[in-house]
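So the sequence shown is numbered by our numbering: it starts at 3 and just counts up by one.
Quick notes on the structure that follows.
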Amino acid sequence: MSPPPKKYTKVNGVMKLNPEFKKWQDAQKGGPPSDPQNLQLPVVSSMEDHMQLNEDLKQEIPLSESTNATIEMMQEPEISLEAGMQPDVMVDELGNVLAKYEVPIGLMNKLMM
């Protein structure tokens, strides 16, 4: 087993990941991943995105407890009416804004601060 090369090197005064280290690391793991497309996670920005993900995977992927709690809070009449929306459209409208900027729906609770 060869010793690992330095992980980072300076190139023109800028610290970068050493390509030799990456090659060494891939060799230790048995080579690079076979299909990088399978390693990517989709950005779920709205309830429609979540529904589409469940349909594509043919299984139910639950949202986190904090996301579910935030969605319930957003549908409370005092919160939604204060924002100028009806409780039944609040999450959909917010999901449209999050989808426009590809912000994950899990960050919705940060808006409550």
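Yeah, the Cβ is synthetic: ideal placement off N, Cα and C, and Gly gets one too.
In the three-state reduction of the DSSP assignment, LYS12 falls in the strand class, which pools E and B.
Judged by DSSP secondary structure, GLN88 falls outside any alpha helix (DSSP H); it is assigned neither H nor E. Residue range 67-76 is occupied by the alpha helix (DSSP H) that includes ASN70. VAL13 and ASN20 have their C-alpha atoms some 9 Å from each other. A direct Cα-to-Cα measurement between GLY15 and LEU113 gives close to 40 Å. In the displayed model, LYS60 falls within coil according to three-state DSSP, outside both helix and strand. Across the set SER48, PRO6, MET75, the C-alpha of PRO6 shows the shortest separation from the C-alpha of TRP26.
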